[in-house]
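Remarks on the structure that follows.
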Amino acid sequence: MPAALVIDGHPDPQSLTAAIAQRYAAGHPDAQVLALRDLDFDPHLRFGYRARMTLEPDLVSAKDALHDAQRIIVASPLWWGSVPALLKGFFDRSFLPQQEYRYSSLGLPVGLIPADRARLFLLADTPWFFLPFTGLPVQTQVARNTLKLSGVRSVRTHRMLGVKDASPAKISRWLDRAEQLGADDGRRDHSIRPATAKALVGR
Numbered sequence: 010m011p012a013a014l015v016i017d018g019h020p021d022p023q024s025l026t027a028a029i030a031q032r033y034a035a036g037h038p039d040a041q042v043l044a045l046r047d048l049d050f051d052p053h054l055r056f057g058y059r060a061r062m063t064l065e066p067d068l069v070s071a072k073d074a075l076h077d078a079q080r081i082i083v084a085s086p087l088w089w090g091s092v093p094a095l096l097k098g099f100f101d102r103s104f105l106p107q108q109e110y111r112y113s114s115l116g117l118p119v120g121l122i123p124a125d126r127a128r129l130f131l132l133a134d135t136p137w138f139f140l141p142f143t144g145l146p147v148q149t150q151v152a153r154n155t156l157k158l159s160g161v162r163s164v165r166t167h168r169m170l171g172v173k174d175a176s177p178a179k180i181s182r183w184l185d186r187a188e189q190l191g192a193d194d195g196r197r198d199h200s201i202r203p204a205t206a207k208a209l210v211g212r
């Protein structure tokens, strides 16, 4: 299984977000891309936590990869101050009590995901000077309230802003940067097995 699991949370395979995920994986010698749009699963947590939904085969495979990875990468656009419903639905269905996290006797969260490092790529049309005024809720939601709560110790966020007005040269720099980060992480990650980046697709 992969040293780095790259979660592509964009519904469009031709998006810049998808390209960022692929370029990171191209740089890392042992990365696996999990393109959520290719998975067959119900993104709705239909009973809340009152009753457990049966996991679809694609989610079972995704959770196995999640628990085998040493590092987790999430690539997502920023829509209305949050992530796409596809990515939120994946978190809702896949990050479950007693599997990805539990609560201690004091009511404090205890993470159960083995990976201790993560990167969050956020892409937005929002200009850099305006984003701080939003309070960065998505960074709190994904980095702290999802990944860190589930056991990931360190989450680094990379913001790519002003996408709609970005020049081809700037987009090229972003893509090169993602690939370089993948290569850097590949050198740092231990127990790397020689493999090419491959996609985990649904049925």
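The sequence shown begins at 10 in the working numbering and counts up one residue at a time. Heads up, the beta-carbon is just placed ideally off N, CA and C, and yes, glycines get one too.
Asked, Found
"Residue range of the beta strand (DSSP E) that includes ILE82", "80-86"
"Start-end ranges of the alpha helix (DSSP H) lying completely within the region 65-135, minimum 4 residues", "66-77, 94-103"
"Of the listed residues LEU14, HIS19, ALA35, ALA127, nearest to GLU188 (C-alpha basis)", "ALA35"
"Sequence-distant residues of its chain with Cβ nearer than 8 Å to ARG61 (five each side left out)", "LEU105"
"Helix, strand or coil at SER4 [DSSP, three-state]", "Any answer about residue 4 is impossible in this case: the structure gives the chain only from 10 up to 212."
"Three-state class that DSSP yields for ARG61 in the structure shown", "coil"
"Cβ neighbour criterion (16 or more within 10 Å) applied to VAL83", "buried"
"Where ARG168 sits in the DSSP three-state scheme", "strand"
"Backbone CA spacing between LEU115 and ALA133 [nearest angstrom]", "39 Å"
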